[in-house]
Amino acid sequence: MYRYDGFDAKFVAERAAQFRRQVTRRLAGELTEDQFRPLRLMNGLYLQLHAYMLRVNVPYGTLSSKQMRTFAHVARTYDKGFGHFTTRQNIQYNWIKLEQAPDIIKELANAEITSIQSSGNCVRNITSDQYAGCAKDELSDPRIYCELLRQYSFLHPEFSYLPRKFKIAVTGSPNDRAAVAVHDIGLRMHRNEQDEIGFEVLVGGGLGRTPYIGQTIRNWLAPEDLLSYVEAILRVYNMQGRRDNIHKARIKIIVNQMGIDKYRELVDKEWEFTKNGALKVPDDEIERIRAYFAPPAYERLQDLTAELAVARKADRAFDRWLRGNVIEHKVPGYAIVNVSLKAPGRVPGDITADKMDAVADIADKYSFGEIRVSHRQNLVLVDVKQSDLQQLWRELFALELATPNLGLLSDIICCPGLDYCALANARAIPIAQDISHAFSDLDELQRIGHFTINISGCMNACGHHHVGHIGILGVDKRGEEYFQLTLGGSSDQQASLGDRLGPGLPQAEVPGAIRKIVDTFLKRREHEERFIDTYRRVGIEPFKEAVYGSESQAA
Amino acid sequence: MALIKDGKLVTDPFVDASGPEALPPTGPVLVTYDQWQAERAALLARGTPLGIRLHSDQPPELIAADLRHFALVALEFPKFRDGRAYSYARLLRERYGFTGELRAVGDVLLEQLFFMLRTGFDAFDVQGADPLGSYRTALGDLSVWYQPTGDGRPTAMQLRRKH
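From first to last, the protein sequence lines are chains E and B.
For the record, in the first sequence the residue sitting at position 513 is 513 according to the numbering used here, with numbers rising by one throughout.
So the number in the numbering used here is just where the residue sits in the second sequence, counting from 1, plus 1000.
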């Protein structure tokens, strides 16, 4: 993975020292809270319901075991012994004291971790496919370009006060695991007719209160032009994005107001001036970064299909885990292992400091000391020898990190909700816990098959509810928490926004409603269809009727 | 209010006529875009240095053809969160080749000075007890840059490639 050189290390050390001075000025009363807010936000420090929250970047979801131990150390020393992985490939600490924040940021900097621009109206943490570099279906490694963009975006002098936040995601695989279509800029690597690899560029996707699927602004962009083209998009946005209304300030709003063709015309006009300038990425810089992502020292191995089949037959639980959480690796004899943070009744994405340390040890032992974080709030060990799988499974099982539910109904995305967040209208976590309790039978989960439930505690949609097969949105109805369901959302290469099922339901009725939706699906399902396929075939009506009955439909 | 130009505290030679104050008969003046539109001939006939103040919704494209008449362009930050002027500054310097004084006015926070310097500002209307001291502190904060802008400071990438 990428390692800081002298420039990067100096940059984050200086930034940490600068933040310490800013906090000192704030504590001394030289800065008002209004002046301090953007400064702390650009270092990832939020003021939440009960305490400060620190959001720390895991750039494009890639983490070393040493960095994971630093996360554990911070959780233990400065927080309540746990952290929460989010849909943004970030980790959040919920119980931070302002006076201690500069020390945390310094400790993180020493481990080559930052919270820079994890918040604020600037380019946020660049996100990507959690299997980057290892997936069998990958065309090209997106991490190189993520790293280029990370450096390019850090404290960009022109784009640190954009109209609103700005999220960029990159996928190097046609099977989009990074939800690029719901980002301000989504980059999809693919080959053009000359067989050269470049990017399809999507712009104007996003969730929140006005969700949009991104539109293609450019079919193919050469890697050397990546930065100049992104800069052109950002400059047009910085000058034309709305600043009069925070709810209309994202790029998606102006792209959709003026239309993609007009936006493209403005970007192209801007790009004409800059495409052959200082932002052209030299080949040697791409190669310098690529060298950091060279494959680890894989052994020459064969796939162990026959041996594993024997072990699977002998141990049903191992078989289930293998089928559920382990996926194919591009290198023979290796496998990608997903570590579920979604045990029944647990808070999705939460992990204790002790378990972080344990995962770091396991990564050292079995996966070249590297850990990935997925936007679906799970961890991944990407380079595991197939011959180690059974032993690894035993160790994960003992840690309650082997729930075999990857991509199944209980693999729920969930924001922190009103238990922590100052913006939330409703508690999202108890809903996730209720559902994962109600659907904890592993046979049943497997029978239901691929299923995503995404829960947000408010319309800001940190829990990506619009793109869950079932989306659950917490709303406040005259002081009571209600939950509005949407069906048919998806964030993959066939991204779609969910359709509203009907009036909001009280918390107690949500698991029952999910049960009715699942039963309706199982009745209507043809062959081995996934829920989303059935939904797209039969539409919303049967589900509406199942949840609300036939009379309420007319109402 | 204090004016810092090229790293020094200076007295502002321009009379700000962009507000309610009347245009003085002689000497350097700062006017709004509307004044420039309405009184262009009279302003040019004064024969003294001319400055123009642009609101954050007035892109520099509006004055690109007239830049040779201005010794000063003042770009307004109505709130420190309004970052349009960073793009305007780069366009003025890097696209339209403006070499006169580029001044940041309005809600100019010391914490933002180095973003402003890097985008091409060389003068700052600032507040505070010790503006020059704060200015120097703010400038000392960072020494590594990742983005090429018109200020010519070498980026990390450029320095790496030299080695």
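Just so it is clear, CB atoms sit at the ideal spot from N, CA and C, and this is done for glycine as well.
Shown in chain order are the members of the stretch 226-239 of chain E whose Cβ falls below 7 angstroms from a Cβ of chain B: R235, N238, M239. Nearest C-alpha to B/K1005 among B/Y1146, B/A1017, B/Y1135: B/Y1135.
For E/D383, there is no enclosing alpha helix (DSSP H); the enclosing beta strand (DSSP E) covers residues 379-385. Against B/Q1035, chain E offers no close residue; the least beta-carbon distance is about 23 angstroms (beta-carbon pairs closer than 9 angstroms). Contact between the stretch 15-32 of chain E and the stretch 1081-1095 of chain B is absent, with fewer than three C-beta pairs closer than 8 angstroms. Under the Cβ distance rule, E/S128 does not count among the residues neighbouring chain B, no pair being separated by less than 7 angstroms.
Under DSSP, B/D1125 takes part in a beta bridge, and its partners are B/L1003. By DSSP's assignment, B/A1104 forms a beta bridge with B/L1075, B/F1124.
With respect to the C-alpha of E/G208, the residue from E/L221, E/T216, E/Q194, E/K165 having the closest C-alpha is E/K165. Distances from the CA of E/E285 to each of E/D225, E/M42, E/A249 were compared; the closest alpha carbon is that of E/D225.
Interface criterion not met: the Cβ of E/P511 is under 7 angstroms from no Cβ in chain B.
Residue environment analysis places B/R1068 among the exposed positions, since fewer than 16 neighbouring C-beta atoms fall within 10 angstroms of its C-beta.
By the CB criterion at 7 angstroms, E/P211 and E/H464 fall outside the cutoff. Rounded to whole angstroms, the Cβ separation of B/L1132 and B/L1009 is 5 angstroms, and the two are in contact under 8 angstroms.
The C-beta of B/D1006 comes no closer than 7 angstroms to any C-beta of chain E. Here E/E370 is bridged, per DSSP, to E/S64. Here E/R288 carries a helix assignment [DSSP, helix/strand/coil].
Annotation: B/R1160 is outside any beta strand (DSSP E); the continuous alpha helix (DSSP H) that includes it extends over 1156-1162. With respect to chain B, the C-beta atom of E/K10 has a partner C-beta closer than 7 angstroms.
Straight-line spacing of the CA atoms in E/G369 and E/A360 works out to 7 angstroms.
Counting C-beta pairs with one atom in each stretch, the stretch 269-279 of chain E and the stretch 303-314 of chain E have fewer than three that are closer than 8 angstroms, which means they do not touch.
For the stretch 1137-1159 of chain B, the set of positions with a beta-carbon nearer than 7 angstroms to some beta-carbon of chain E reads D1141, L1142, S1143, V1144, Y1146, Q1147, P1148, T1149, A1156, M1157, L1159 in chain order.
Identification of residues in the stretch 1098-1123 of chain B having a C-beta nearer than 9 angstroms to some C-beta of chain E yields L1109, E1111, Q1112, F1114, F1115, M1116, L1117, R1118, T1119, given in sequence order. Under the 8 angstroms Cβ criterion, the stretch 342-359 of chain E does not count as touching the stretch 306-325 of chain E, having fewer than three qualifying pairs. Against E/D79, chain B offers no close residue; the least beta-carbon distance is about 27 angstroms (beta-carbon pairs closer than 8 angstroms).
Residues of chain B whose Cβ lies closer than 9 angstroms to the Cβ of E/F154 are, in chain order, Y1146, Q1147. One alpha carbon belongs to B/M1157, the other to E/A294, and they sit about 20 angstroms apart. Fully contained in the stretch 272-342 of chain E are the following beta strand (DSSP E) runs of length 3 or more, in chain order: 326-328, 334-339.
Under the 8 angstroms Cβ criterion, the stretch 453-461 of chain E counts as touching the stretch 410-421 of chain E, having at least three qualifying pairs.
By the C-beta criterion, the stretch 231-250 of chain E is judged to be in contact with the stretch 263-273 of chain E, since at least 3 inter-stretch pairs fall below 8 angstroms. Within the DSSP bridge table, the entry for E/L485 names E/I472 as partners.
Nearest CB-CB separation between E/F36 and chain B: not below the 7 angstroms threshold.
For the stretch 101-135 of chain E, the set of residues with a beta-carbon nearer than 8 angstroms to any beta-carbon of chain B comprises N121, in chain order. Here the alpha carbons of E/R478 and E/A424 stand approximately 15 angstroms from one another. As the crow flies, the alpha-carbon of E/R447 is around 15 angstroms from that of E/T534. The C-beta of E/V310 has fewer than 16 other C-beta atoms within 10 Å across all chains shown, which makes the residue exposed.
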